Amino acid sequence: MMTEINENQTATPPTDTKAALHKIFSVTRAQQDNFFKVKCEITDTFGVRYVTDYVSAPGDTFGLAPIVRAGIFRWIADGNAISLYLPPTDEERRVAMPSLTPRQLRLGLVNSGFSIASVQSVIDAIGDATTREKAQIEWEFASSYARIHPLITQITAALAINDDEVDTMWAAAEFL
180 MMTEINENQT
190 ATPPTDTKAA
200 LHKIFSVTRA
210 QQDNFFKVKC
220 EITDTFGVRY
230 VTDYVSAPGD
240 TFGLAPIVRA
250 GIFRWIADGN
260 AISLYLPPTD
270 EERRVAMPSL
280 TPRQLRLGLV
290 NSGFSIASVQ
300 SVIDAIGDAT
310 TREKAQIEWE
320 FASSYARIHP
330 LITQITAALA
340 INDDEVDTMW
350 AAAEFL
């Protein structure tokens, strides 16, 4: 259950800083009570001005936190909308995963118990000659692989690797 926010939860902004909150574009309430993600334009404590996503937590008094927190309460008092945070879907998470180099992908497969020869067997089993040749070119010459690349989907399905297993392998391979 969400608790209500009140002005007593705000802290006094520091007076000895160049930091500033210039504008709030949107406020999203997290699933935890009184945590917010704020799309805002700020000048940070180093004097650099930019637009950013800022997470505001209750009781945080570091840097811009009190200034942003006070801005959230003004935003609410002014009647502006607050959206509820919705976690990304599995597909959105996969789209956002970093690309892997061929080396990372191959090591990730081997580390997960799948031989490079088994991948080659999947490619060799593609019935249509043109599709098979294109897949071979992608496998041999791509400079990177996106998590949602059709060849990755085809190979992992043929090897009976489910999406969650691919996600885990992908995340581990990122650091190889």
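Heads up: the sequence shown begins at 180 in our numbering, then just goes up one per residue.
Here a beta-carbon is modelled for each residue, glycine too, at the ideal position from N, C-alpha and C.
Predicted model only: the values in this text are computed from it and were never measured.
The beta carbons of isoleucine 327 and arginine 285 sit no closer together than 9 Å. Bridge partners of alanine 199 according to DSSP: Thr222. For arginine 208, the secondary structure class from DSSP, reduced to helix, strand or coil, is strand. DSSP places arginine 282 in the helix class (H, G or I) of the three-state scheme.
Nearest in C-alpha terms to aspartate 212, of all of Tyr264, Gly287 and Gln333, is Tyr264.
Residue state for aspartate 232 is assigned as strand, using DSSP reduced to three classes. Of the residues Gly292, Arg311 and Ser291, the one whose Cα lies closest to the Cα of glutamine 299 is Arg311. Burial check for glycine 287: the Cβ neighbour count within 10 Å reaches 16 or more, so the residue is buried. Under the rule that a run must span 4 or more residues, the alpha helix (DSSP H) segments found entirely inside the stretch 259 to 315 read 269 to 275, 281 to 290 and 295 to 303. One thing to note: serine 323 has its Cβ within 9 Å of the Cβ of threonine 280. In the structure shown, valine 227 falls within a coil segment according to DSSP collapsed to helix, strand and coil. Here valine 217 really is in contact with valine 206; their C-beta atoms are around 5 Å apart, less than 8 Å. In this structure, leucine 330 places its C-beta atom within 9 Å of the C-beta atom of alanine 314. Exposed is the label assigned to valine 227, since fewer than 16 other Cβ atoms lie within 10 Å of its Cβ.
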